[in-house]
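In what follows, a structure is listed as structure tokens, so that the remarks can point back to it.
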Amino acid sequence: MTNKEQRPSYRPGGFTFKQFFVAHDKCGMKVTTDGIVLGSWAAINEQCHRVLDIGTGSGLLVLMLAQRSASSTKLDAVDIDESAVSQARENVLASPWSSRIQIFHTDISTFVAQQAGGYDAIVCNPPYYPQGCECRDAPREKARYATGLRHADLLAYAKRLLKPEGAFSLMLTTAPAEALLVQAAQDGWFIRRRTHVSDRVGRAPYLTLLELTRAPCSGDEQYLFIREEDGGNYTKAYRALTKDFYLFF
Numbered sequence: 001m002t003n004k005e006q007r008p009s010y011r012p013g014g015f016t017f018k019q020f021f022v023a024h025d026k027c028g029m030k031v032t033t034d035g036i037v038l039g040s041w042a043a044i045n046e047q048c049h050r051v052l053d054i055g056t057g058s059g060l061l062v063l064m065l066a067q068r069s070a071s072s073t074k075l076d077a078v079d080i081d082e083s084a085v086s087q088a089r090e091n092v093l094a095s096p097w098s099s100r101i102q103i104f105h106t107d108i109s110t111f112v113a114q115q116a117g118g119y120d121a122i123v124c125n126p127p128y129y130p131q132g133c134e135c136r137d138a139p140r141e142k143a144r145y146a147t148g149l150r151h152a153d154l155l156a157y158a159k160r161l162l163k164p165e166g167a168f169s170l171m172l173t174t175a176p177a178e179a180l181l182v183q184a185a186q187d188g189w190f191i192r193r194r195t196h197v198s199d200r201v202g203r204a205p206y207l208t209l210l211e212l213t214r215a216p217c218s219g220d221e222q223y224l225f226i227r228e229e230d231g232g233n234y235t236k237a238y239r240a241l242t243k244d245f246y247l248f249f
């Protein structure tokens with residue numbers, strides 16, 4: 001269900017969407033095309049009563065999912081970084097869905113220990129890169145690099161929090177995605193959807209979107225190209241996927 005709120009005008013200091021604004025100057029990770037793709041693609045529908053965003057950062061994903069979900073859906077988001085949580089809360093309070101979203105400042109292991117589970121959908125933009133790739137900015141390193149949350153642990157947490165029929169949506173660069181899928185198969189997960197993302201037509205995928213479930217299913221595999229071959233215009237498929245969010249679509 002799409003909330004037909006008045007469209008905001010462009011403003012600096014963050015990213016302006018059709019129905020909300022995301023400030024990101026206090027966060028390790030800024031709003032990116034990758035994040036927008038995941039928020040537009042992740043499994044959610046009007047039957048989702050409870051949704052969780054693991055590692056919310058600026059709150060981008062939880063806000064996108066709030067826009068896409070039913071007015072009765074409750075959404076939780078968790079992050080370990082204090083500055084990110086502060087900014088996410090500010091972004092949520094300024095949005096049309098503040099009454100439906102709750103932000104938790106804690107690590108995911110503590111959150112899992114305190115929750116009974118029962119989420120219909122979980123979304124996560126986990127760290128992309130292995131330890132050893134140094135980053136000058138500590139918050140950005142925590143957000144981008146797999147030094148604080150192992151993918152095996154992430155799968156275990158999602159398994160505990162998700163309903164048996166629920167969906168876990170996440171994205172990783174290509175090689176880590178393949179490694180995660182090996183672990184997921186060992187842990188009893190099934191691939192419901194897999195989309196390979198390329199920055200333009202004709203180039204190899206750099207990103208993999210995954211929708212995992214505990215229920216056996218026949219997986220769907222697709223490809224998404226963000227821009228046309230010349231790197232100029234966005235493709236029709238990308239525009240269709242993200243049209244409810246970008247101001248200029």
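Oh and the sequence shown: position 193 is 193 in UniProt numbering, straight run, nothing missing.
Idealized CB from N, CA, C, for every residue including glycine.
Just so it is clear, the structure is predicted and the values come from calculations on it, not from any experiment.
query                                                                                                                 : result
As assigned by DSSP and simplified to three states, the class of L162                                                 : strand
Sub-8 Å separation of E229 and G188 beta-carbons                                                                      : no
Nearest residue (CA-CA) to L161, options Q115, Y238 and H151                                                          : Q115
Beta carbon of R11 nearer than 8 Å to that of F20                                                                     : no
Short Cβ contact (8 Å threshold) for S83 with K26                                                                     : yes
Any 3 or more C-beta pairs closer than 8 Å across the region 175-194 and the region 229-244                           : no
Cβ separation of I108 and Y157, assumed to be a contact under 8 Å, to the nearest whole Å                             : 5 Å
Distance between V112 and G39 (C-alpha atoms, nearest Å)                                                              : 22 Å
CB-CB length for V31 against L60, believed under 8 Å                                                                  : 6 Å
Residues of its chain near V123, where Cβ-Cβ distance is below 6 Å and the 5 sequence neighbours each way are ignored : A42, D53, L61 and S169
Paired residues, beta bridge with G14 - DSSP                                                                          : A23
Residues near E165 in its chain [Cβ-Cβ closer than 7 Å; skip 5 each side]                                             : A215
K236, DSSP secondary structure in three states                                                                        : helix
For I226, the first and last residue of its enclosing beta strand (DSSP E)                                            : D220 to R227
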